[in-house]
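Okay, structure first, notes after.
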Amino acid sequence: MSSHLHSKSPVDVENIHICGGEELINRARRAQQPTDIVLAPEQFHRRNLKRVIADRNQPRSSLALLTPAAVATELLSSPEESDPAVLDRMDRLRVLKDLLESPSGDVSRLSRVLGTSLTTQLDRIEAAREELSLLTGHHSTRRSALETVCAELDGVARLDALDLLTGISSLEEQLRDRVEEYISTEAVLEAGTEVVTNTGGDAWQKEYAGIERVNVVGISTLGTPLLAFLTAIGRETSSTVHLYLRARTGPRIASRVQSRLDGSSTPSSSGSIERLQIDEFRTTPATEIVAATRAEEARAALAVCEGLLREGVSVSDIAIVARDIDKYERDLTRASNTYGRHLSFWTQLELKRSLPYRVVAETCSVLAAASAGTIDAETMFRPLECQWLVTEDNAEGDESVTPFTPAELSEIRQGVGTDYSGTLDQWRDTIAMTTSISQKVQRRFESYLDWCQRHRSAPEPDDILATLGPVLDGFETVVLPHIEENDTVAYTETSRAARAIQRVAGDTDSDHLLREARAKYADWRDRHQIESSWSSVLEVIETIATARPGRREHENAERLDVLDATDTWLRSYPFVIALGFVDGEWPQQPHGEFPVEVQTAVTDGESPEARTLGVRGAWTEEREYDHAVDAVRTATNHMIVTRFTEDVKGVSYQRSPLLENLSTTTLSEDAYRELLGQDVILPDRIRKSIPENVSTDGGNE
40 MSSHLHSKSP
50 VDVENIHICG
60 GEELINRARR
70 AQQPTDIVLA
80 PEQFHRRNLK
90 RVIADRNQPR
100 SSLALLTPAA
110 VATELLSSPE
120 ESDPAVLDRM
130 DRLRVLKDLL
140 ESPSGDVSRL
150 SRVLGTSLTT
160 QLDRIEAARE
170 ELSLLTGHHS
180 TRRSALETVC
190 AELDGVARLD
200 ALDLLTGISS
210 LEEQLRDRVE
220 EYISTEAVLE
230 AGTEVVTNTG
240 GDAWQKEYAG
250 IERVNVVGIS
260 TLGTPLLAFL
270 TAIGRETSST
280 VHLYLRARTG
290 PRIASRVQSR
300 LDGSSTPSSS
310 GSIERLQIDE
320 FRTTPATEIV
330 AATRAEEARA
340 ALAVCEGLLR
350 EGVSVSDIAI
360 VARDIDKYER
370 DLTRASNTYG
380 RHLSFWTQLE
390 LKRSLPYRVV
400 AETCSVLAAA
410 SAGTIDAETM
420 FRPLECQWLV
430 TEDNAEGDES
440 VTPFTPAELS
450 EIRQGVGTDY
460 SGTLDQWRDT
470 IAMTTSISQK
480 VQRRFESYLD
490 WCQRHRSAPE
500 PDDILATLGP
510 VLDGFETVVL
520 PHIEENDTVA
530 YTETSRAARA
540 IQRVAGDTDS
550 DHLLREARAK
560 YADWRDRHQI
570 ESSWSSVLEV
580 IETIATARPG
590 RREHENAERL
600 DVLDATDTWL
610 RSYPFVIALG
620 FVDGEWPQQP
630 HGEFPVEVQT
640 AVTDGESPEA
650 RTLGVRGAWT
660 EEREYDHAVD
670 AVRTATNHMI
680 VTRFTEDVKG
690 VSYQRSPLLE
700 NLSTTTLSED
710 AYRELLGQDV
720 ILPDRIRKSI
730 PENVSTDGGN
740 E
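Residue numbers for the sequence shown follow my numbering, so the first one is 40 and each next one is one higher.
Here it is as structure tokens:
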């Protein structure tokens with residue numbers, strides 16, 4: 040390694056770009072080996088970058104799109120050994136729970152802040168552990184700086200902050216001592232930093248010899264472990280580090296880089312980067328629509344879409360955006376049915392609310408109860424209410440190849456009583472002696488009891504797929520076609536159920552919940568962390584499902600795209616309709632686990648110690664500005680923003696402060712009524728943004 044590398048700055052101000060994605064896109068070209076690594080924290084950032092490059096018909100073999108942890112892992116791997124083992128969140132929580140059952144040493148100080156039942160506060164403790172890692176990277180000097188910041192607070196805030204800092208620090212040490220694996224991806228970054236530094240960059244040269252630039256995109260938080268990793272690369276190798284930051288969090292991150300690197304008491308020269316207002320990113324007219332309720336707001340949004348489509352705008356040229364699209368899915372779906380339009384929701388699947396997941400979870404519950412001995416009526420009937428059936432038991436083609444109907448379940452309930460409870464044998468005897476239950480229903484219910492009898496014993500890992508797989512097969516074979524038959528023309532329920540089946544059971548060779556549960560169940564059982572039981576299987580399944588799966592997009596031609604605001608980065612649509620610009624929803628309220636006083640002191644950075652620490656994006660509303668700017672930049676012809684004024688209970692909602700920084704023209708009451716009227720008259724202001732070469736048949740002339 041050349042000695043001159045030690046003198047170069049790891050992150051030059053010239054290499055910090057605010058909303059400068061265009062330069063990165065232009066670096067995409069054909070190459071025998073990648074010259075650029077693009078570090079993107081989320082899958083959808085990588086997907087959107089691939090999409091925009093593909094839309095321009097550019098080759099991109101010069102770009103390697105990776106996560107920071109993947110790059111660090113490669114540095115830690117060797118041909119003789121597999122990739123280093125890393126605890127996932129579920130395993131980490133389980134180890135934390137063991138440590139917190141009887142907290143020792145300074146870990147007990149957490150009880151002063153979170154209460155004595157620490158095992159019920161695992162999510163908060165894990166969030167605080169992640170915040171501490173982000174702030175300090177577990178560097179002694181930064182931890183001392185944070186301790187100084189906490190000690191300078193007043194009263195209860197000072198006591199709580201110091202207790203939390205000391206307790207979490209001690210818990211982190213115990214966690215690392217307890218397991219052999221890396222405890223998190225941040226720990227992998229720390230190890231990668233050590234490898235690059237200790238080898239003088241030779242390890243990097245061995246794995247990434249042809250890499251000229253390392254580009255970081257899509258972040259609103261620059262955690263200390265990632266900054267340290269980038270610093271090592273920038274100082275010890277010939278690769279240069281570029282940060283592509285966002286509109287509002289970017290200038291703050293840039294202003295802290297130098298002080299975080301060297302502990303200086305003054306902001307870096309990058310602090311002169313101007314914080315632009317949202318309106319300065321707007322390149323189109325902006326129209327504001329005010330509705331009474333959320334449902335009416337969704338109706339207004341679809342009316343705009345309908346008006347544009349009738350004027351010949353292509354369905355692919357319109358996007359509906361919200362800060363949290365889950366809050367609008369039901370109302371948007373109803374509104375789309377009004378106009379006979381179809382929507383494609385690019386959002387996460389709420390797995391635990393889906394019928395395929397529920398039938399699996401309730402089946403585990405009834406098998407767990409059967410193993411324990413007594414099954415109450417509510418537990419017994421829940422799988423059947425979720426459309427349980429197993430087609431493999433119906434080779435003779437009898438009438439039981441369909442789920443129980445509500446009438447049949449009601450017949451059984453009335454016959455045995457809603458408070459009935461008993462073993463499987465007692466249930467069988469009671470059903471047989473209850474003359475009010477028809478023989479057909481008795482036979483079907485007895486088949487259900489027989490199935491439970493065969494599978495109630497303590498399961499081996501492979502029993503998870505062998506037992507629950509056929510339940511999902513029956514759902515897919517029999518129930519899903521019935522859902523499709525009764526669905527709307529948009530097939531929303533069919534799509535949601537099909538996505539859930541794929542996530543729960545998937546294809547034979549794919550990763551899915553049952554396969555993940557089998558591996559995790561075996562691992563935890565072998566470590567003696569759980570016993571062999573269906574209740575343990577249910578615990579594992581619920582834990583995996585609670586860790587929300589990645590985005591599972593559902594894209595179809597002739598459907599209007601509906602996006603979370605986080606997913607608009609680098610996207611482009613002529614017409615964008617952004618929903619929910621009310622205070623409290625967009626922007627969402629800042630949140631964090633360290634006391635608000637700590638968050639404020641670190642964010643403000645008024646002391647030298649505070650300026651050496653990272654800032655979590657969720658601690659401020661700056662991240663909300665980022666999302667708003669992304670949405671505004673997505674529109675190329677016209678931006679429509681909407682908001683509602685009250686909820687269904689009559690509670691008033693105020694206009695979002697984000698709109699104070701966006702020049703809009705509010706739609707008049709007359710134009711609003713015409714828009715929602717039967718003729719769906721598109722406001723002139725929006726119609727004028729339609730290109731002249733668009734024809735009313737939906738294409739360009």
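Using N, Cα and C, we set each Cβ at its ideal position, and we do this for glycine too.
Owing to the predicted nature of the structure, the values given are computational and were not obtained by experimental measurement.
Whole-angstrom distance between Leu198 and Gly154, CA atom to CA atom: 14 Å
Cβ contact check for the region 160-175 and the region 232-239: 3 or more pairs under 8 Å: no
Proximity below 8 Å, CB of Leu706 to CB of Ile328: yes
Separation of Arg495 from Gln787, as counted between CA atoms: It is not possible to answer for residue 787, since the shown part of the chain is limited to 40 through 740.
CA-to-CA distance, Ser486 to Ser475, given in whole angstroms: 18 Å
Among Leu504, Phe384, Ser571, Glu524, the one whose alpha carbon lies nearest that of Arg557: Leu504
Neighbourhood of Asn87 by C-beta distance below 8 Å, restricted to the same chain and skipping five residues each side: Asp606, Trp608, Leu609, Arg610
Helix, strand or coil at Asn237 according to DSSP, with G and I counted as helix: helix
Cβ neighbours of Thr276 in the same chain (closer than 6 Å, five flanking residues each side left out): Gly240, Trp243
Helix, strand or coil at Thr675 [DSSP, three-state]: strand
Residue span of the beta strand (DSSP E) that contains Ser383, given as start and end: 382-385
Tyr247 in three-state terms, based on DSSP: coil
Proximity winner among Ala640, Leu488, Ile359, Glu401, relative to Arg467 (alpha-carbon distances): Leu488
The region 146-163 in contact with the region 253-265 per 3-pair CB rule at 8 Å: no
Residue environment, Asn595, which counts as buried when at least 16 other CB atoms sit within 10 Å: Since pLDDT at Asn595 reaches only 45, below the 50 mark, its modelled position is unreliable, and the value read off the structure follows with that caveat. Exposed, because fewer than 16 other Cβ atoms sit within 10 Å of the Cβ of Asn595.
Proximal residues to Gln72 (C-beta, below 6 Å), its chain only, five neighbours per side dropped: Gly249
Cβ neighbour criterion (16 or more within 10 Å) applied to Ser439: Bear in mind that a pLDDT of 49 at Ser439, under 50, signals an unreliable position, so the model cannot answer this.
Residue nearest to Ile76 in terms of C-alpha spacing, selected from Leu602, Thr279, Glu424, Ser141: Thr279
Classification of Ser117 by the beta-carbon crowding that lies within 10 angstroms, buried from 16 upward: exposed
Endpoints, beta strand (DSSP E) assigned at Leu652: Element bounds for Leu652: n/a, residue is neither H nor E.
Span of the alpha helix (DSSP H), counted from its first residue to its last, around Asn87: 82-94
Other residues of its chain near Asp723: CB distance less than 7 Å, five sequence neighbours each side excluded: none
Cutoff 6 Å; reference Phe620; Cβ partners in own chain excluding five residues on either side: Val680, Arg682, Ser695, Leu698
Nearest-angstrom Cα separation, counted from Arg482 out to Phe420: 16 Å
Coarse secondary structure for Asp51, derived from DSSP in three states: coil
Secondary structure of Asp318, DSSP reduced to three states: helix
Alpha carbon of Ala340 to alpha carbon of Ala361, nearest angstrom: 11 Å
Sub-8 Å separation of Leu300 and Ala293 beta-carbons: no
Alpha-carbon to alpha-carbon, Lys136 and Glu570: 16 Å
Residue burial classification, Val687 (beta-carbon count within 10 angstroms, cutoff 16): exposed
Simplified DSSP state of Arg682, which is helix, strand or coil: strand
CA-to-CA distance, Pro80 to Arg542, given in whole angstroms: 22 Å
Beta-carbon contacts of Ala434 that lie in its chain and below 6 Å, excluding the five residues immediately before and after: Per-residue confidence for Ala434 stands at a pLDDT of 44, beneath the threshold of 50, marking its modelled position as unreliable; the derived number appears in the next sentence. Excluding residues within five positions, none has a Cβ falling inside 6 Å.
Where the alpha helix (DSSP H) containing Asn732 begins and where it ends: Where Asn732 is concerned, there is no enclosing alpha helix (DSSP H), given that its DSSP letter is neither H nor E.
Alpha-carbon to alpha-carbon, Asp603 and Glu731: 30 Å
Anticipated Cβ contact below 8 Å, Pro107 with Phe320, distance rounded: No, Pro107 and Phe320 are not in contact; Cβ-Cβ is about 27 Å, not under 8 Å.
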